[in-house]
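Just so you know, the sequences run in chain order S and B.
First residue of the first sequence: 5, per the working numbering; consecutive thereafter.
First residue of the second sequence: -13, per the working numbering; consecutive thereafter.
We put the beta carbon where it would ideally sit given N, CA and C, even for glycine.
Please read the structure below before turning to the comments.
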Amino acid sequence: SRPSARDLSSGMDWLTRYGYLPPPDPYSAQQQTLDGLRDAVKTMQRFAGLRPTGILDDDTIAMMHKPRCSLPDIILASGYQRHRRKR
Amino acid sequence: YAVSGSVWQKSHLTWRVDSFPVSLSQETTRQLIGSALYTWSRESNLHFEETRAGGADIRVSFVQGSHDDGYPFDGPGGTLGHAFFPGVGSSAGATHMDADESWTYNVAEGTDLFAVAVHEFGHSLGLSHSSAENSIMKPYYQGTVGEHRRYRLPPDDVQGIQALYGKRSAHPGADAPPAPTQRYIPPRGPTYRPRLPFPDRCSTHFDAVANIRGEVFFFKSRYFWRVQATRQLVSLNPAHLGNFWLGLPPDLTRVDAVYERANDSKIVFIAGGNYWVFKDTLVEPGYPRPLTDFGLNTDGVDGAFVWKHNKKTYFFRHNRYWRFDERQGRMDPGYPRDSNLWLGLPSDVDDVISWTDGHTYFFKGPQYWKFQDGQVEADPGYPHSIALNWMYCAAAAPPEPTQEPEGRGQRDCNCQCPAGSG
């Protein structure tokens, strides 16, 4: 089934928090592309041992609700690199 | 396995438990923590020693909510713990467990402290999350791992720790600490609780919005979000009202208005016909007090703010507003007035702030209006979306076509189109 707007929104929050999507940049209005979101979901699914479909399906959403460690899975966040470049 | 890129430059490390969970005894907690560290030293050239002195290399604490390290906890479920990689800086080696979890050991209920501690100490020693099937460094909680003295690290984690610190030398050190003599029995039956249903910041309407010390606080039910002066959202998840603002009634389900007083920087919370005054995050004695103290004869207020241009406090209720002089302690004469004197503003606003950029923002439902510096007429082009401009929410994606049309006029098109678009 298609993810609801609520699932999509909380899914993007989750993907950002754990390093799969770059953090929002308050100085630009750039929005996340659907391709970028799909790639991030695929990476998350691969990491979690799910089938990498790129679709925010029920199994993926359930995995996002599992208790877990607070640290990100992908440490090299692009936001960090972006700020490094700016300096 | 994955490594963080930093390691301890010594093989003898000290550890200490700085605070304890409520659901396990201190002795059990120390045993499990010591044993969790031992699982790593058993496979590597590392040695751990408990110390009661301050300044230990690995410091374990049980904390709740926001605790000033950028990784706020979120109550039962959700995030369970985190630890900082080795390296320079005061945070290196700090290991935090969410005090709101029901910490247990080797039972099906609750959250197994030993299992989580082994994982977090992997971070403390320089390992990142692993996607390997059986790794303890998988980011997701996998339940109890059994009796702690029998536990051995999975092969992926053994390789990881040995890559960082080498294999254990021929003469193994002391055995693991003995098992706790008694198993923990949960005091309140099954302790599994689903994650609390936070309000969705992207679709909710806020009860109150306030500028406190230059940050904007968005209140909804028993939760709030913080937006820094740089417009950065402190956390995507809300914090619990009672974990931060100490002294509000535990059964308070919402606040109607919040503002920082101009004359003494104290913070005023209004809910229903009552108000509370806070010094920093602690309520002052003698509260709640009735709103009649302000000379308000209404059953409540929708919003309140201090206009930076005259330092006066404005209260809004339905389509009227009042102006209060905090220094004189009385309402200014000539009020209430009609709120449509603020041109372009709807009635029944949710709340108002005067922010550090000098502008005044009115919030109602999912939208907000901006009034330029000292003006009483809304900027053209407003209202704008709170979700998009304050809450870091994505704009709704356009619907995707269910079938690719082959060409105009060649075949009937089967697309999902916006209602009314023809």
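Any C-beta of chain B under 9 angstroms from that of residue i
{"i": "isoleucine 79 of chain S", "result": "yes"}
{"i": "arginine 42 of chain S", "result": "no"}
{"i": "aspartate 17 of chain S", "result": "yes"}
{"i": "serine 14 of chain S", "result": "yes"}
{"i": "tyrosine 22 of chain S", "result": "yes"}
{"i": "cysteine 73 of chain S", "result": "yes"}
{"i": "proline 26 of chain S", "result": "no"}
{"i": "proline 76 of chain S", "result": "yes"}
{"i": "lysine 46 of chain S", "result": "no"}
{"i": "threonine 64 of chain S", "result": "no"}
Residue from the options whose Cα sits closest to the Cα of residue i
{"i": "serine 88 of chain B", "options": "B/Thr81, B/Thr267 and B/Thr97", "result": "B/Thr97"}
{"i": "proline 352 of chain B", "options": "B/Trp231, B/Arg303, B/Met377 and B/Ser340", "result": "B/Met377"}
{"i": "threonine 278 of chain B", "options": "B/Lys265, B/Pro271, B/Gly258 and B/Asn296", "result": "B/Gly258"}
{"i": "tryptophan 328 of chain B", "options": "B/Gln361, B/Phe255, B/Gln17 and B/His345", "result": "B/Gln361"}
{"i": "leucine 268 of chain B", "options": "B/Leu232, B/Ser121 and B/Gly20", "result": "B/Leu232"}
{"i": "glutamine 214 of chain B", "options": "B/Leu227, B/Tyr321, B/Trp26 and B/Ala196", "result": "B/Ala196"}
{"i": "aspartate 334 of chain B", "options": "B/Phe205, B/Asp343, B/Trp341 and B/Phe348", "result": "B/Phe348"}
{"i": "proline 141 of chain B", "options": "B/His134, B/Ala118 and B/Phe192", "result": "B/Ala118"}
{"i": "tyrosine 307 of chain B", "options": "B/Lys294, B/Asn283, B/Gly152 and B/Tyr273", "result": "B/Asn283"}
{"i": "glycine 39 of chain B", "options": "B/Thr65, B/Asp4, B/Lys265 and B/Asn31", "result": "A small correction: the amino acid at residue 39 of chain B is alanine; glycine does not occupy that position in the sequence shown. Checked all of B/Thr65, B/Asp4, B/Lys265 and B/Asn31; the closest Cα to alanine 39 of chain B is B/Asp4."}
{"i": "histidine 472 of chain B", "options": "B/Val202, B/Lys206 and B/Leu18", "result": "The structure shown has nothing for residue 472 of chain B, since chain B only spans -13 to 408."}
{"i": "glutamate 414 of chain B", "options": "B/Leu111, B/Ala101, B/His295 and B/Glu246", "result": "Missing from the structure shown is residue 414 of chain B; chain B here goes from -13 to 408 and no further."}
{"i": "threonine 0 of chain B", "options": "B/Leu23, B/Gly367 and B/Trp262", "result": "B/Leu23"}
{"i": "serine 30 of chain B", "options": "B/Gly41, B/His(-2) and B/Pro58", "result": "B/His(-2)"}
{"i": "aspartate 343 of chain B", "options": "B/Gln12, B/Ala94, B/Lys124 and B/Arg199", "result": "B/Arg199"}
{"i": "histidine 295 of chain B", "options": "B/Asp55, B/Leu331 and B/Asp359", "result": "B/Asp359"}
{"i": "lysine -4 of chain B", "options": "B/Tyr209, B/Ile44 and B/Ala85", "result": "B/Ile44"}
{"i": "asparagine 260 of chain B", "options": "B/Gly272, B/Ser251 and B/Asp266", "result": "B/Gly272"}
{"i": "arginine 313 of chain B", "options": "B/Ser251, B/Glu201 and B/Arg135", "result": "B/Ser251"}
{"i": "alanine 78 of chain B", "options": "B/Arg138, B/Ala149, B/Asn120 and B/Ser(-10)", "result": "B/Ser(-10)"}
{"i": "aspartate 77 of chain S", "options": "S/Gly23, S/Asp17 and S/Asp39", "result": "S/Gly23"}
Within chain D, the residues that residue i reaches when beta carbons sit closer than 9 angstroms
{"i": "glycine 53 of chain S", "result": "Among the protein chains of the structure shown, namely S and B, there is no chain D."}
Which residues DSSP lists as bridging residue i, in chain order
{"i": "glutamine 353 of chain B", "result": "B/Lys350 and B/Ser371"}
{"i": "phenylalanine 204 of chain B", "result": "B/Val195 and B/Trp211"}
{"i": "serine 340 of chain B", "result": "B/Thr346"}
{"i": "phenylalanine 302 of chain B", "result": "B/Gly289 and B/Tyr307"}
{"i": "histidine 295 of chain B", "result": "None, per the DSSP bridge assignment."}
{"i": "lysine 265 of chain B", "result": "B/Leu268"}
{"i": "alanine 364 of chain B", "result": "B/Phe357"}
{"i": "cysteine 73 of chain S", "result": "B/Gly67"}
{"i": "arginine 6 of chain S", "result": "Paired residue(s): none; arginine 6 of chain S is not in a bridge."}
{"i": "isoleucine 253 of chain B", "result": "B/Glu246 and B/Phe264"}
{"i": "valine -11 of chain B", "result": "B/Leu113"}
Supposed close pair residue i, residue j - CB separation, criterion 8 angstroms
{"i": "phenylalanine 291 of chain B", "j": "isoleucine 339 of chain B", "result": "5 angstroms"}
{"i": "aspartate 336 of chain B", "j": "glycine 289 of chain B", "result": "6 angstroms"}
{"i": "valine 73 of chain S", "j": "histidine 105 of chain B", "result": "It is worth fixing the name first, because residue 73 of chain S is cysteine in this sequence and not valine. With 8 angstroms as the limit, cysteine 73 of chain S and histidine 105 of chain B qualify as a contact, their Cβ atoms being about 6 angstroms apart."}
{"i": "leucine 111 of chain B", "j": "proline 72 of chain B", "result": "7 angstroms"}
{"i": "lysine 297 of chain B", "j": "alanine 248 of chain B", "result": "4 angstroms"}
{"i": "proline 28 of chain S", "j": "glycine 63 of chain B", "result": "With 8 angstroms as the limit, proline 28 of chain S and glycine 63 of chain B do not qualify as a contact, their Cβ atoms being about 25 angstroms apart."}
{"i": "valine 287 of chain B", "j": "arginine 275 of chain B", "result": "Actually they are not in contact, since the Cβ atoms of valine 287 of chain B and arginine 275 of chain B sit about 14 angstroms apart, beyond 8 angstroms."}
Residue-chain proximity (residue i, chain S), Cβ-Cβ < 9 angstroms
{"i": "glycine 63 of chain B", "result": "yes"}
{"i": "aspartate 186 of chain B", "result": "yes"}
{"i": "glycine 200 of chain B", "result": "no"}
{"i": "tyrosine 378 of chain B", "result": "yes"}
{"i": "serine 106 of chain B", "result": "The amino acid occupying residue 106 of chain B in the given sequence is glutamate; serine does not appear at that position. Closer than 9 angstroms to some Cβ of chain S, the Cβ of glutamate 106 of chain B qualifies, so yes."}
{"i": "histidine 370 of chain B", "result": "no"}
{"i": "arginine 181 of chain B", "result": "Unreliable placement is indicated for arginine 181 of chain B, whose pLDDT of 44 sits below 50; the coordinate value is still reported in the next sentence. Judged by the 9 angstroms Cβ criterion, arginine 181 of chain B is in contact with chain S."}
{"i": "asparagine 223 of chain B", "result": "yes"}
{"i": "serine 114 of chain B", "result": "yes"}
{"i": "proline 172 of chain B", "result": "Its pLDDT being 37, under 50, proline 172 of chain B is placed unreliably by the model, and nothing is read from it."}
{"i": "glycine 75 of chain B", "result": "no"}
{"i": "tyrosine -13 of chain B", "result": "no"}
{"i": "histidine 68 of chain B", "result": "yes"}
{"i": "histidine 134 of chain B", "result": "no"}
{"i": "tyrosine 127 of chain B", "result": "yes"}
Limits of the alpha helix (DSSP H) - the one that residue i falls within
{"i": "isoleucine 122 of chain B", "result": "From DSSP, isoleucine 122 of chain B is part of no alpha helix (DSSP H); its letter is neither H nor E."}
{"i": "leucine 38 of chain S", "result": "38 to 52"}
{"i": "arginine 10 of chain S", "result": "9 to 21"}
{"i": "valine 144 of chain B", "result": "141 to 151"}
{"i": "glutamate 106 of chain B", "result": "99 to 110"}
{"i": "leucine 66 of chain B", "result": "Counting along the chain, leucine 66 of chain B falls outside any alpha helix (DSSP H), though it belongs to the beta strand (DSSP E) covering 65 to 69."}
{"i": "phenylalanine 230 of chain B", "result": "227 to 230"}
Bounding residues of the beta strand (DSSP E) (the contiguous stretch that carries residue i)
{"i": "isoleucine 44 of chain B", "result": "44 to 49"}
{"i": "arginine 16 of chain B", "result": "Element bounds for arginine 16 of chain B: not the beta strand (DSSP E) but the alpha helix (DSSP H), 12 to 27."}
{"i": "threonine 64 of chain S", "result": "Segment 62 to 68 is the alpha helix (DSSP H) holding threonine 64 of chain S; no beta strand (DSSP E) there."}
{"i": "glutamate 36 of chain B", "result": "33 to 36"}
{"i": "leucine -1 of chain B", "result": "-2 to 3"}
{"i": "aspartate 84 of chain B", "result": "80 to 84"}
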